[in-house]
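Chemist: Going by the working numbering, the sequence shown opens with residue 22, and the numbers climb by one from there.
Positions of the beta carbon are idealized from the N, C-alpha and C atoms, including for glycine.
Please read these numbers as outputs of a predicted model, since none were measured by experiment.
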Amino acid sequence: MRVMVTMEMTSFVSLCPIHLLKSFTGSNTCYHHRPTHKFNSTAHSARRNDLNIDYVSVILNSIESDWCINHSDSKSNRKVVWIHCDEAVQTSKEIFTAAIESGFSSILHSTQNQARQYSDLALHSPFTFDDSHTQILELDSPSNPIALWQSIESEAQQTQIMDWIKDFNSASHCRTLILDLTCTEWLMIPAENVLAAKMERFGDSLSSEFRVLAAVRTADEAIAMMETLQTGLDGVVLCPKDPKEVLELRSRIVWKDDADSKYDVELCSASVVSCRAIGSGDRVCIDTVSLLDVNEGLLVGNSSQGMSLILSEAAESEYVPSRPFRVNASAVHAYVLVPGGRTKYLSELRAGDRVLVVNSCTNSTRSVLVGRLKIEHRPMILLEMEVDTKRFSVLVPGGR
Numbered sequence: 022m023r024v025m026v027t028m029e030m031t032s033f034v035s036l037c038p039i040h041l042l043k044s045f046t047g048s049n050t051c052y053h054h055r056p057t058h059k060f061n062s063t064a065h066s067a068r069r070n071d072l073n074i075d076y077v078s079v080i081l082n083s084i085e086s087d088w089c090i091n092h093s094d095s096k097s098n099r100k101v102v103w104i105h106c107d108e109a110v111q112t113s114k115e116i117f118t119a120a121i122e123s124g125f126s127s128i129l130h131s132t133q134n135q136a137r138q139y140s141d142l143a144l145h146s147p148f149t150f151d152d153s154h155t156q157i158l159e160l161d162s163p164s165n166p167i168a169l170w171q172s173i174e175s176e177a178q179q180t181q182i183m184d185w186i187k188d189f190n191s192a193s194h195c196r197t198l199i200l201d202l203t204c205t206e207w208l209m210i211p212a213e214n215v216l217a218a219k220m221e222r223f224g225d226s227l228s229s230e231f232r233v234l235a236a237v238r239t240a241d242e243a244i245a246m247m248e249t250l251q252t253g254l255d256g257v258v259l260c261p262k263d264p265k266e267v268l269e270l271r272s273r274i275v276w277k278d279d280a281d282s283k284y285d286v287e288l289c290s291a292s293v294v295s296c297r298a299i300g301s302g303d304r305v306c307i308d309t310v311s312l313l314d315v316n317e318g319l320l321v322g323n324s325s326q327g328m329s330l331i332l333s334e335a336a337e338s339e340y341v342p343s344r345p346f347r348v349n350a351s352a353v354h355a356y357v358l359v360p361g362g363r364t365k366y367l368s369e370l371r372a373g374d375r376v377l378v379v380n381s382c383t384n385s386t387r388s389v390l391v392g393r394l395k396i397e398h399r400p401m402i403l404l405e406m407e408v409d410t411k412r413f414s415v416l417v418p419g420g421r
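1. Three or more C-beta pairs under 8 Å: does that hold for the segment 128–147 against the segment 175–191?
2. Using a Cβ-Cβ cutoff of less than 6 Å, which residues in the same chain neighbour A1 once the five nearest sequence positions on both sides are dropped?
3. Give the list of continuous beta strand (DSSP E) stretches no shorter than 3 residues that lie fully inside the segment 240–304.
4. I need the boundaries of the beta strand (DSSP E) containing N214, first residue and last residue.
5. Looking at the secondary structure, which residues open and close the beta strand (DSSP E) in which F150 lies?
6. Is it buried or exposed for L377, if we count other Cβ within 10 angstroms and need 16 for buried?
7. For F413, does the three-state DSSP call read helix, strand or coil?
8. Just how far apart, CA to CA, sit V341 and D308?
9. Which residue wins for smallest C-alpha separation from S290, given the options S329, S311, D263?
10. Exposed or buried, which one is V294 when buried takes at least 16 other CB atoms within 10 Å?
11. Could you check whether the Cβ of V357 sits closer than 8 Å to any Cβ belonging to chain B?
12. CA-CA distance, R222 and V357?
13. Do S131 and E108 count as a contact pair if the criterion is CB distance below 8 Å?
14. Could you give the DSSP three-state label for Y340: helix, strand or coil?
15. Excluding five sequence neighbours on each side, which residues of the same chain lie with their C-beta closer than 6 Å to the C-beta of D409?
16. Quick one: using the 10 Å Cβ neighbour count with 16 as the cut-off for buried, is W170 buried or exposed?
17. Comparing C-alpha positions only, which one of I402, H105, L129, I167 sits nearest to G300?
18. Do you know offhand how far Q179's Cα is from L216's?
19. Between the Cα of M209 and the Cα atoms of D201, A245, V233, which residue gives the shortest distance?
20. Would you check if the distance between the CB atom of V310 and the CB atom of S123 is smaller than 8 Å?
21. By the DSSP assignment, the alpha helix (DSSP H) with I157 in it spans what residues?
22. Taking buried to mean at least 16 other C-beta atoms within 10 Å of its own C-beta, is D188 buried or exposed?
23. Using the DSSP secondary-structure output, state which residues sit across from G318 in a beta bridge.
24. Quick check on the DSSP output: what are the complete beta strand (DSSP E) runs of length 3 or more inside the segment 158–195, in order along the chain?
25. Count the other CB atoms within 10 Å of the CB of Y366; is the residue buried (16 or more) or exposed (fewer)?
26. In whole angstroms, give me the CA-to-CA distance for W207 and D151.
27. List the endpoints of the continuous alpha helix (DSSP H) containing T118.
28. For R363 and V321, what's the separation of their Cα atoms in angstroms?
29. Using 10 angstroms around the beta-carbon of H105, count the other beta-carbons present and answer buried if the total reaches 16, otherwise exposed.
30. At the level of alpha carbons, what is the spacing between S126 and M406?
31. Classify N134 as helix, strand or coil using the three-state DSSP reduction.
32. Helix, strand or coil: which one does DSSP assign to E108?
33. Comparing alpha-carbon positions, which option in W103, D241, A298, S272 lies nearest V415?
34. For A335 and L312, what's the separation of their Cα atoms in angstroms?
35. Taking A355 as part of the beta strand (DSSP E), name the residues at either end of that continuous run.
36. If you run the structure through DSSP and keep just helix, strand and coil, what is S388?
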């Protein structure tokens with residue numbers, strides 16, 4: 022029997038003898054999914070930083086979110102984005118509001134007073150200029166510059182910056198250089214020359230030892246800076262006069278976690294070969310901060326080589342109201358698929374982590390945040406399934 026049935030887990034037990042879960046299978050032989058995303062037996066050992074930052078900037082005490090360019094073909098599209106709220110610009114507060122609402126948390130202010138004032142409006146990572154307007158400081162650590170701010174308005178200035186990069190000493194220099202390109206019509210040539218000097222010095226444009234950002238005026242310029250010479254600069258400082266530029270940039274990039282959610286899965290029907298109650302255990306109920314469709318759920322299982330799609334509680338039943346944010350998942354030991362095609366134990370999940378939601382009709386995926394977890398002692402049912410002679414299993418909550 023190879024029937025594909027989808028239903029919410031709240032009414033599972035009454036139908037469990039004939040219910041077949043839609044399943045995802047993965048292994049080193051890569052069947053039922055694209056070979057570019059292979060699972061292996063050690064997939065569960067991958068540990069992720071809570072904010073999914075794959076490289077750590079050692080010059081910043083605050084945490085920066087990584088962003089990716091939509092549809093980018095660059096070798097690595099992880100980028101840093103700061104927004105400059107220039108107090109001389111009339112729309113400074115509107116720019117700040119647009120930045121915060123768009124998810125940009127690193128804000129460069131003109132003065133410390135402005136940084137303190139805006140810090141009362143919303144939580145963010147505030148940076149400010151020093152008196153000479155050549156160094157960037159953290160608001161809480163004004164004695165330790167974290168970046169250099171350098172204008173390029175002439176060939177002599179460009180040469181000076183490139184020589185400085187070639188002689189870079191991590192023990193004595195700031196490790197972030199911001200090229201101010203807001204006062205020149207020449208954007209690409211200076212940026213490419215400085216990036217080439219960085220690549221020559223470090224051998225890898227993605228070196229975490231030193232990074233180059235470009236201060237630009239528009240979203241178009243920002244995207245160009247992050248794509249130049251295929252790899253692009255490490256990021257940008259957007260210095261807009263109109264908050265629409267912030268919104269435009271946000272529409273063209275995604276947070277790295279959301280980019281990781283574009284993970285290809287292929288679901289298939291599985292034959293249930295065994296269904297039996299095995300006693301009680303600790304069940305994990307996942308409440309997300311997003312509304313899930315009746316066809317969406319999480320992939321969980323006893324093995325990363327074969328996972329079952331447990332649908333959300335979006336569908337109403339006679340006895341239980343709809344809770345479209347919830348997935349009544351499995352026992353604490355089970356694996357769950359997370360962005361990037363990695364797995365975690367359900368017991369490892371915490372509020373603020375991300376899980377990968379899969380749509381059973383379209384196979385599409387998206388990343389959602391975990392809001393809370395409920396771990397409760399519940400009767401458990403062991404489902405053993407088979408796909409193309411491969412067997413795998415999952416524990417699901419029992420009880421009517």
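Modeler: Considering the structure as presented:
1. No, the segment 128–147 is not in contact with the segment 175–191.
2. Lying before the first or after the last residue shown, residue 1 is absent from the chain, which here runs from 22 to 421.
3. For the beta strand (DSSP E) assignment, the uninterrupted runs of no fewer than 3 residues enclosed by the segment 240–304 are, from N- to C-terminal side, 256–259, 274–276, 288–290.
4. Here residue 214 corresponds to residue number 193 of the sequence shown, with the count starting at 1. No beta strand (DSSP E) contains N214, which is instead part of the alpha helix (DSSP H) from 209–223.
5. As a working mapping, residue 150 is identified with position 129 in the sequence shown. Counting along the chain, F150 sits inside the beta strand (DSSP E) bounded by residues 146–150.
6. Indexing the sequence shown from 1 puts residue 377 at position 356. By the 10 Å Cβ count, L377 comes out buried.
7. The sequence position of residue 413 within the sequence shown is 392, counting from 1. In the structure shown, F413 sits in a strand (DSSP, three-state: E or B).
8. If you number the sequence shown from 1, residue 341 lands on position 320. If you number the sequence shown from 1, residue 308 lands on position 287. Between V341 and D308, the C-alpha separation is close to 16 Å.
9. As a working note, residue 290 is residue 269 in the sequence shown. Residue nearest to S290 within the set S329, S311, D263 is S329 (criterion: CA-CA distance).
10. Along the sequence shown, one-based indexing puts residue 294 at 273. Per the 10 Å Cβ criterion, exposed.
11. The chain inventory of the structure shown lacks chain B, comprising one protein chain alone.
12. Your numbering for residue 222 matches position 201 in the sequence shown. Your numbering for residue 357 matches position 336 in the sequence shown. Each residue's alpha carbon lies about 42 Å from the other.
13. Translated into the one-based positions of the sequence shown, residue 108 becomes position 87. Translated into the one-based positions of the sequence shown, residue 131 becomes position 110. Contact annotation: E108 and S131 have beta-carbon atoms nearer than 8 Å.
14. What you label residue 340 is simply residue 319 of the sequence shown in a count that begins at 1. Looking at Y340 - three-state DSSP - the assignment turns out to be coil, as it is neither helix nor strand.
15. Reading the sequence shown from its first residue, position 388 is the one you call residue 409. Same-chain partners within the cutoff: there are none.
16. Numbered from its first residue, the sequence shown carries residue 170 at position 149. The residue in question, W170, is buried, as its Cβ has 16 or more Cβ neighbours within 10 Å.
17. As a working mapping, residue 300 is identified with position 279 in the sequence shown. Distance from the Cα of G300 is smallest, within the candidate group I402, H105, L129, I167, for I402.
18. Within the sequence shown, the letter at position 158 stands for residue 179. Within the sequence shown, the letter at position 195 stands for residue 216. Cα to Cα, Q179 sits roughly 11 Å from L216.
19. What you label residue 209 is simply residue 188 of the sequence shown in a count that begins at 1. The option with the nearest alpha carbon to M209 is A245.
20. In the sequence shown, the residue the question calls residue 310 occupies position 289. In the sequence shown, the residue the question calls residue 123 occupies position 102. Not closer than 8 Å, so no.
21. Here residue 157 is taken as the residue at index 136 of the sequence shown, counted from 1. In the DSSP annotation of this structure, I157 is not part of any alpha helix (DSSP H); the continuous beta strand (DSSP E) holding it starts and ends at 156–159.
22. As a position in the sequence shown, residue 188 is number 167, starting the count at 1. Answer is exposed; the Cβ neighbour count stays below 16.
23. To locate residue 318, count along the sequence shown from 1; it is residue 297. L332, V379, per the DSSP bridge assignment.
24. Taking only runs of at least 3 residues, the beta strand (DSSP E) segments lying wholly in the segment 158–195 are 162–172.
25. As a first step, residue 366 is located in the sequence shown; it is residue number 345 there, counting from the start. Exposed, by the Cβ-count rule.
26. Indexing the sequence shown from 1 puts residue 207 at position 186. Indexing the sequence shown from 1 puts residue 151 at position 130. C-alpha separation (whole angstroms): 26 Å.
27. The sequence position of residue 118 within the sequence shown is 97, counting from 1. DSSP places T118 inside the alpha helix (DSSP H), whose first and last residues are 113–123.
28. As a working mapping, residue 363 is identified with position 342 in the sequence shown. As a working mapping, residue 321 is identified with position 300 in the sequence shown. Rounded to whole angstroms, R363 to V321 spans 12 Å at the Cα level.
29. In the sequence shown, counting from the first residue as 1, residue 105 sits at position 84. H105 sits buried, since 16 or more C-beta atoms from the chains shown fall within 10 Å of its C-beta.
30. On the sequence shown, position 105 is the one that residue 126 refers to. On the sequence shown, position 385 is the one that residue 406 refers to. Our two residues, S126 and M406, have alpha carbons roughly 46 Å apart in a direct line.
31. The residue labelled residue 134 in the question sits at position 113 within the sequence shown. N134 falls in the helix class under three-state DSSP.
32. Taking the sequence shown and counting its residues from 1, one reaches residue 108 at position 87. In the structure shown, E108 adopts coil according to DSSP, grouped into three states.
33. Position 394 of the sequence shown, counted from the start, is the residue given in the question as residue 415. Nearest to V415 by C-alpha distance, out of W103, D241, A298, S272, is A298.
34. Here residue 335 refers to the residue found at position 314 when the sequence shown is read from its first residue. Here residue 312 refers to the residue found at position 291 when the sequence shown is read from its first residue. Rounded to whole angstroms, A335 to L312 spans 8 Å at the Cα level.
35. By 1-based counting over the sequence shown, the position of residue 355 is 334. It is not in any beta strand (DSSP E) - A355 carries neither H nor E in the DSSP assignment.
36. Working through the sequence shown from its first residue, we reach residue 388 at position 367. Note: S388 maps to strand in three-state DSSP.
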